[in-house]
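S.K.: Under my numbering, the first residue of the sequence shown carries the number 422, and numbering increases by one thereafter.
Where is the CB? At the ideal position from N, CA and C, for every residue including glycine.
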Amino acid sequence: KGGDQDERELAQQSLVQTAMKLAKPDQMPSVKAAIEKYDADRAKSLFPKVEALVGKCKEDASCYLEVLRSPDAQSEANQFVGIKAGYMVAIYGNEGTRDQLVAGLKPITNASLRHVAGQTIDVLSPKGSKSVADKLRAIIEENAKSPDKDKAAGDNSLKQVMYRLEARAG
C-alpha cells in the first residue's frame, strides 16, 4: 500500500506543477488551493514567483515574452518562472508574438527555456511556416559553429520544431 500512496503523491505534485504552468490569471486561486490540499512543497515555494508574474503580465503575451527572454529567467533558480512565461506566450500569443520570439531567441540560453520556446513557436504556427523554419535553421547553423557546445546542444528541440514547421507548410 505504501507504494500506491507514494505514486499518488508524486502524481498530485506533478499535476499541481502542470496546473501552475498553464493557469490563466483567474485560475490561480484554484491552483493555490490545490497546492494547499496536496501539500505540494516544491509548488509552494514556486507559487509566489508565478503569482507575481501572472499579476504583472495578466493576459499580455508581450509581457510574458519579455520575462522568457530576461537574463533573470535563465538562471536555474528562476527557470520555472521562465517556463511559465513561455507557456503563457503560447496561450496568449499569435503569429506576431511568435515572430518576436524567433527574432529574440539568442538571450534564451537556458536549455529548458529554449525547449519551451521551441514548443511555443510550434503551437503558434499551426499551419507551419517556411520563413520561420528558415530563421530557425540559420540560428541552429550559427550555434553549431559556436565553440560553446551547450549552445548547439540546446537546439535539438528547435530542430524538431523546424522540421515540423516545414512539413506543415508543405
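1) Could you work out which residue in Gly424, Val452, Asp555 is closest to Lys580 when comparing CA atoms only?
2) Buried or exposed for Ser546, please, with buried defined as at least 16 other CB atoms from any protein chain shown within 10 angstroms of its CB.
3) Using 8 Å as the threshold, is the C-beta distance between Thr541 and Leu557 below it?
4) Return helix, strand or coil for Ser546, following the three-state DSSP convention.
5) Out of Glu563, Ser578, Gly503, Lys566, state which residue places its alpha-carbon closest to the alpha-carbon of Asp543.
6) Might you give, ordered along the chain, the residues of its own chain that have their beta carbon closer than 7 Å to the beta carbon of Leu534, omitting 5 neighbours on each side?
7) Please report how far the alpha carbon of Ser466 lies from the alpha carbon of Ala532, in whole angstroms.
M.R.: In brief:
1) Taking the first residue of the sequence shown as position 1, residue 580 is located at position 159. Measuring from the Cα of Lys580, the nearest candidate turns out to be Asp555.
2) Residue mapping note: residue 546 aligns to position 125 of the sequence shown, counting from 1. So Ser546 ends up on the buried side.
3) Translated into the one-based positions of the sequence shown, residue 541 becomes position 120. Translated into the one-based positions of the sequence shown, residue 557 becomes position 136. No, these two residues do not count as a Cβ contact at 8 Å.
4) Locating residue 546 in the sequence shown gives position 125, where the first residue counts as 1. Ser546: coil per DSSP, three-state reduction.
5) As a working mapping, residue 543 is identified with position 122 in the sequence shown. For the residues Glu563, Ser578, Gly503, Lys566, the minimum Cα distance to Asp543 belongs to Ser578.
6) Mapped onto the sequence shown, residue 534 falls at position 113. Within the same chain, Leu534 has close Cβ partners Leu489, Ala494, Gln495, Gln500, Gly503, Ile504, Gly507.
7) For the purposes of this step, residue 466 is taken as residue 45 along the sequence shown, with counting starting at 1. For the purposes of this step, residue 532 is taken as residue 111 along the sequence shown, with counting starting at 1. Ser466 and Ala532: Cα-Cα distance of roughly 22 Å.
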